[in-house]
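So the sequence shown is residues 3 to 590, counted in the numbering used here. Yeah, the Cβ is synthetic: ideal placement off N, Cα and C, and Gly gets one too. Values in this document were obtained by computation on a predicted structure and should not be read as measured data.
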Amino acid sequence: MHGFYNRGLRIDLGSGQHEVFNIPDALLSITLGGKGLATHFLLQENIAEVDPLGKDNAIIFTTGPITASSVWGSSRYGVFTKSPQTGFYSESYSGGKAPEYMDAAGYDIIIVKGISDKPVWLEISDTKVKIHSAKDIWGMETYATEDALRQKVMELCGEKCGPIVIGPAAENKVCFAVIENDYWRSAGRTGVGTVLGSKQVKGIAFYGKARRTIANQALLKEFVKEISNRAKEDKGVQVYKKVGTTGLVDLMNEIGGFPSRCWQKGRVEHRNGINSTALHERCEVVPKSCAKCLMSCGRLSTIKNGKYAGLTVEGPEYETIYAFGGLCEIADIEDILYLNDLCDRLGMDTISAGNLAALTIEASRLGRIELKLDYGDTDGVANLLRDIAYRRNLGEILSKGIKYASKEWKMEHMAVHVKGLEPAGYDPRILKGMGLAYATSDRGACHLRATFYKPELAGMVDKNSIEGKAAIFKTWEDRLTYFDMLILCRFYRDMYQWEELRIITEALTGLHLSNDDMINMASKVTDNTRRFNLRAGLQPNDDTLPVALTKNPLPETGQAISAEDVKIMVSEYYQTRHWSENNGNPDA
């Protein structure tokens with residue numbers, strides 16, 4: 003079938019062996035690659051009680067039928083495993099240019115199992131698969147590791163490559179470590195880097211000359227041109243080009259939903275020091291895009307003045323600003339860039355890192371720990387991040403995640419997470435639909451599975467409503483699950499409705515699908531992720547919000563979300579998905 007290689011690669015690190023296997027059209031036609039294909043194999047590869055850091059936990063890499071095509075927003079790859087942070091389904095995605103190299107290796111899916119007895123890096127192309135010693139690069143930070151792998155592949159075979167790598171945090175099994183590529187692009191949540199580190203894989207270098215066949219080149223060319231023309235007048239595209247995601251800082255503060263002071267407030271007084279204006283006035287900012295992208299949402303930012311002058315980071319994204327500028331009340335954008343860079347070098351997720359730092363600040367203020375740390379203390383937070391990455395001092399406790407740390411410090415009433423994953427910067431006491439999104443997301447408190455903050459912020463959906471919201475939420479979740487089957491960038495969600503997705507699918511694969519066909523395919527993938535989580539021990543009370551949110555209204559606005567509100571939305575969600583009422587089982 004067009005759009006696929008019909009090939010998978012399985013690597014056993016314990017034996018050092020690998021095998022190439024065939025993937026039939028019948029399977030690809032219902033999963034499409036990406037999340038659909040990966041979830042199918044996760045259910046096959048992982049037994050219910052598999053240890054996330056054990057040899058039997060599979061970590062799976064996929065591209066989609068659109069990868070390396072001319073479709074805008076297509077340069078992305080996905081990583082899937084059982085999360086060491088939550089113990090449940092793990093998915094994470096990254097962009098940049100590395101996905102093009104990964105795809106050129108000529109596989110629809112790559113499955114890695116086992117544990118190496120020594121540090122290694124993998125060389126994967128369309129002609130060979132090799133395991134090399136990583137003794138000389140183990141311990142390196144992420145940027146240096148990428149440089150080293152590029153040089154090694156060039157010396158070995160004279161080829162440019164797209165490396166994906168881990169940093170010290172993943173080597174030390176910090177539960178929220180990331181996989182990075184192109185220096186600043188991250189498969190950033192649920193600890194996918196940790197799983198790679200547990201297997202002693204420092205990085206994977208991809209290259210090759212494989213190319214997917216295209217079913218209808220003329221239709222694809224016409225579609226890409228149409229989107230290009232439409233983008234010229236699209237307000238959303240222009241905003242991303244101009245300010246990236248940083249414009250959300252002002253917007254979320256204005257509505258009182260900018261999580262601040264360890265989720266105890268919804269606004270910060272210093273927002274003018276950390277907003278988009280601050281970034282673009284106090285840094286030299288160049289818009290930066292992934293391959294095959296017309297939005298250039300990335301901010302390649304170089305600090306102009308002060309002690310961090312000259313530091314260049316692609317960022318910070320809104321989520322990093324919220325995590326450090328909101329939760330930890332770091333008051334200057336330069337300091338946030340510094341912490342962003344530190345997390346990237348160490349290979350840690352900034353959302354989890356900021357949440358844990360804020361919890362530590364509260365622990366210090368309450369006398370639960372001996373460390374002196376307070377809001378706005380950039381150097382103190384930086385030292386804490388280093389301690390986490392190397393599991394020193396309090397970092398040993400924090401490296402195990404917010405569930406573990408809050409229990410150790412008897413602060414579970416203040417820990418904001420769902421299933422062990424901390425939310426993004428959209429307070430559900432203001433945006434009620436995000437409460438449903440966080441409660442039901444298969445990977446824990448996640449804003450990206452349905453990006454439901456968008457219709458609530460835009461006024462397309464009443465942000466205060468509770469009843470009836472689940473049915474609307476499902477429509478967004480289904481369409482964006484289909485995005486993940488193809489592996490499309492979330493920022494094209496407004497431009498790619500079902501009709502555009504139908505054209506993309508037909509042009510690349512030759513499949514002629516109706517809207518109902520695509521919705522049903524996406525729903526089945528959601529059912530499969532639910533099956534994975536139920537098998538991993540998911541309980542009904544895991545689909546809820548923490549008491550820190552349901553018991554405490556926001557002080558500035560009085561806005562609140564109750565446990566009963568969440569229960570109503572989750573119950574309606576189960577009904578909408580035709581899952582059982584008691585535990586959301588798709589098979590009951």
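Residue pairing for P165: DSSP places it in a beta bridge opposite A207. One alpha carbon belongs to V241, the other to S135, and they sit about 45 Å apart. When secondary structure is reduced to three states using DSSP, G199 falls in the helix class. Measuring C-alpha to C-alpha distances from K405 to each of A50, I111, P86 identifies P86 as the nearest. Contact between the segment 353-364 and the segment 393-411 is present, with at least three C-beta pairs closer than 8 Å.
If only uninterrupted alpha helix (DSSP H) runs of at least 4 residues are considered, those enclosed by the segment 465-503 are 471-488. Exposure of R232 is indicated by the presence of fewer than 16 other C-beta atoms within 10 angstroms of its C-beta. Per DSSP, Y91 is one residue of the beta strand (DSSP E) stretching across 91-96. In this chain, the alpha helix (DSSP H) harbouring Y455 covers 455-459. Rounded to the nearest whole angstrom, the C-alpha separation of Y324 and C264 is 11 Å. Annotated as proximal: G435 and F475, with beta-carbon spacing under 8 Å. For K569, the enclosing alpha helix (DSSP H) covers residues 565-578. The DSSP-derived three-state label of G328 is helix. Rounded to the nearest whole angstrom, the CA to CA distance from L459 to G258 is 12 Å. The alpha carbon of N543 has as its nearest neighbour, out of V568, W478, M297, the alpha carbon of V568.
Sixteen is the threshold: since fewer than 16 other Cβ atoms of the shown chains lie within 10 Å of the Cβ of A311, the residue is exposed. At a Cβ-Cβ threshold of 8 Å, L400 and T362 count as neighbours. Beta-bridge analysis with DSSP links Q153 to no other residue. In this structure, I276 places its C-beta atom within 8 Å of the C-beta atom of I335. For L124, the enclosing beta strand (DSSP E) has its first and last residue at 122-126.
Inter-residue distance for P318 and D589 is about 42 Å (C-alpha atoms, whole angstroms). Per the C-alpha coordinates, the member of D337, N466, A107, L44 positioned closest to A70 is A107. Note on the segment 50-122: whole alpha helix (DSSP H) runs with a minimum of 4 residues are 100-106, in chain order. Contact between the segment 333-350 and the segment 276-293 is present: three or more C-beta pairs spanning the two stretches fall below 8 Å. At the C-beta level, G199 and A172 come within 8 Å of one another.
For I139, no alpha helix (DSSP H) segment is defined, and its DSSP state is neither H nor E. Residue burial annotation: F23 is exposed, with fewer than 16 other C-beta atoms found within 10 angstroms of its C-beta. DSSP places L510 within a helical segment (H, G or I) once states are collapsed to three. When the beta-carbon positions are compared, V194 and I206 stay at least 8 Å from each other. Here the segment 382-391 makes no contact with the segment 444-451; the two share fewer than three CB pairs at distances below 8 Å.
In the DSSP assignment, D14 falls within the beta strand (DSSP E) that extends over 9-14. For A280, the uninterrupted alpha helix (DSSP H) run begins and ends at 278-284, by DSSP. The beta carbons of T578 and I563 sit no closer together than 8 Å. About 5 Å separates the beta carbons of G268 and E558, which is inside the 8 Å limit, making them a contact pair.
Linking A417 to E364 through their CA atoms gives a straight-line distance of about 10 Å. A distance below 8 Å separates the beta carbons of G378 and E331.
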